[in-house]
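Reading through the structure tokens given below for one structure.
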Amino acid sequence: MTKYMVFKNQPNSGQVNAPGSREEMASEIANVVSQDRMLPNYYIAFPLEDANASMQSLRELARFTVEITDETAALWTREIQPMVQKAHNVDDAVSEASGGIYQAMIEYNNAIQDSHKFVELTQLSIKALDRTFEFFEVESSYEVPTMVEEIFSVESFDHHHA
Amino acid sequence: MTKYLVVCRPSDQAAAHEDDTAEEAVCDIARTLMNLPLRADLLMAIPADTNLATMSLLKDDVMCSVDVTEKSIETWRNDVTSIQDAINAFQSAKDHAENVLDRALADLDDAYENSTDFQGYTPSNDISVYGALSDMGADDLEHAFHRALVDMYQFHVIRRERF
Chain L
15 MTKYMVFKNQ
25 PNSGQVNAPG
35 SREEMASEIA
45 NVVSQDRMLP
55 NYYIAFPLED
65 ANASMQSLRE
75 LARFTVEITD
85 ETAALWTREI
95 QPMVQKAHNV
105 DDAVSEASGG
115 IYQAMIEYNN
125 AIQDSHKFVE
135 LTQLSIKALD
145 RTFEFFEVES
155 SYEVPTMVEE
165 IFSVESFDHH
175 HA
Chain S
516 MTKYLVVCRP
526 SDQAAAHEDD
536 TAEEAVCDIA
546 RTLMNLPLRA
556 DLLMAIPADT
566 NLATMSLLKD
576 DVMCSVDVTE
586 KSIETWRNDV
596 TSIQDAINAF
606 QSAKDHAENV
616 LDRALADLDD
626 AYENSTDFQG
636 YTPSNDISVY
646 GALSDMGADD
656 LEHAFHRALV
666 DMYQFHVIRR
676 ERF
């Protein structure tokens, strides 16, 4: 088992995770757990005992630690990555669906408002729509990051500046 | 306020109502509120205080009655169409949303189902696409608007009681 420290890759650092490497995998795992869907190489990872990890730690604090074994690495490639992609597709579907409905809802509310005789018809609530899609997004995107967090024993660190 | 009775246009009454007349609007209102799958010009509107109206009632030809004023006809032409279009557009957006979400969730279900280590969890069991969208109260739009129109045009379906 190897433990990786995952840092936010600074802009213009010139560092990238080697394609296909465990470091790249650790960074992707951190990205999934964070649920922020950042671009590749937004995070950069180093094995805990690697000198680069110490060097990087001097510059900034790690955001995550990720543990990877040969077995979990194989599981990531074989099963989890496709699942992550499908979960992202659900998020994208939520965005597409909510965009279309917001637009139609606003047009309906405007049509009611612009009419003289139908202003008493109930306007559709944007807040209710927000709540509906928020619920949907939370429910659909919760499972995969939680599972990934457990399998790779991910620890997240929040750093607050005083 | 003028009350009209609406009948199917008899074959010997070939000419449809002229455009932009009250009769033409009444036929359109009747067709819409009765949800008839036919063109409005296949209907005929008869002022209720005429002999033809009485005859039509006696022959049990009358489908419905509609009350209109100049103002309510103007409302029909200006507001109703745009609101109806907006409701239809909303319904389409909702249908599209349900399709898109349903498909994406089914794919995610498949990914779990086809995995060897994560079988047994079905994401769509926890998320109801249809429930989530109908909770917004959107299902009632069409019905509420229909009720408002029925009240505004004092729309009544005419059925003769048979003994």
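Same order as they appear, the protein sequences are chains L and S. This note's numbering numbers the first residue of the first sequence as 15 and each following residue consecutively. This note's numbering numbers the first residue of the second sequence as 516 and each following residue consecutively. Note that beta-carbon positions come from the ideal geometry of N, C-alpha and C, so glycine has one too.
{"Item": "Those residues which DSSP pairs with V20(L) across a bridge", "Value": "A59(L) and F78(L)"}
{"Item": "Span of the beta strand (DSSP E) around T517(S)", "Value": "T517 to C523"}
{"Item": "Among E613(S), K574(S), L558(S) and R674(S), the one whose alpha carbon lies nearest that of C523(S)", "Value": "L558(S)"}
{"Item": "Cβ separation of T91(L) and M15(L), assumed to be a contact under 8 Å, to the nearest whole Å", "Value": "Incorrect: roughly 17 Å between the Cβ atoms, too far for contact."}
{"Item": "Cα-Cα separation between Q99(L) and S167(L), rounded to whole angstroms", "Value": "21 Å"}
{"Item": "Interface positions of the region 74-85 of chain L facing chain S (Cβ-Cβ less than 7 Å), listed along the chain", "Value": "none"}
{"Item": "Pair within 8 Å by beta-carbon distance, V521(S) and V577(S)", "Value": "yes"}
{"Item": "Nearest-angstrom beta carbon gap, F132(L) and I598(S) [assumed within contact, 8 Å]", "Value": "6 Å"}
{"Item": "I561(S) in three-state terms, based on DSSP", "Value": "strand"}
{"Item": "Those residues which DSSP pairs with C579(S) across a bridge", "Value": "V521(S) and V672(S)"}
{"Item": "Where the alpha helix (DSSP H) containing F660(S) begins and where it ends", "Value": "L656 to M667"}
{"Item": "Integer Cβ distance of W591(S) from A540(S), believed to fall under 8 Å", "Value": "6 Å"}
{"Item": "Proximal residues of chain S, C-beta to C-beta of S129(L) below 9 Å", "Value": "T590, N593, D594, V595, S597 and I598"}
{"Item": "Residue from S68(L), E85(L) and H102(L) with nearest C-alpha to Q49(L)", "Value": "H102(L)"}
{"Item": "Assumed close pair Q70(L), F78(L) - CB separation to whole angstroms, cut-off 8 Å", "Value": "Not confirmed; about 13 Å, so no contact."}
{"Item": "M52(L) versus K17(L) - alpha carbon distance", "Value": "22 Å"}
{"Item": "Under the three-state DSSP convention, the category E169(L) falls into", "Value": "strand"}
{"Item": "For I140(L) and D632(S), the rounded distance between their alpha carbons", "Value": "40 Å"}
{"Item": "Any chain L beta carbon closer than 8 Å to H611(S)", "Value": "yes"}
{"Item": "Under 8 Å between C-beta atoms of D582(S) and Q669(S)", "Value": "yes"}
{"Item": "Chain L contact for Y668(S) (CB, 8 Å cutoff)", "Value": "no"}
{"Item": "Endpoints, alpha helix (DSSP H) assigned at F605(S)", "Value": "T596 to N629"}
{"Item": "Rounded straight-line distance, which links the Cα of A65(L) to that of N23(L)", "Value": "16 Å"}
{"Item": "G635(S), buried or exposed, once every other Cβ within 10 Å from all chains shown has been counted against 16", "Value": "exposed"}
{"Item": "Listed by chain order, chain S residues near D101(L) by CB distance under 7 Å", "Value": "For the sequence presented, residue 101(L) should be read as Ala rather than Asp. Within 7 Å Cβ-Cβ: L623."}
{"Item": "Buried or exposed (CB count within 10 angstroms, at least 16 for buried), N640(S)", "Value": "exposed"}
{"Item": "Three-state secondary structure (DSSP) of G34(L)", "Value": "coil"}
{"Item": "Where D632(S) meets chain L, residues with beta-carbon distance less than 7 Å", "Value": "L89 and E93"}
{"Item": "Chain S within 8 Å of A32(L), Cβ atoms only", "Value": "no"}
{"Item": "Three-state class that DSSP yields for S41(L) in the structure shown", "Value": "helix"}
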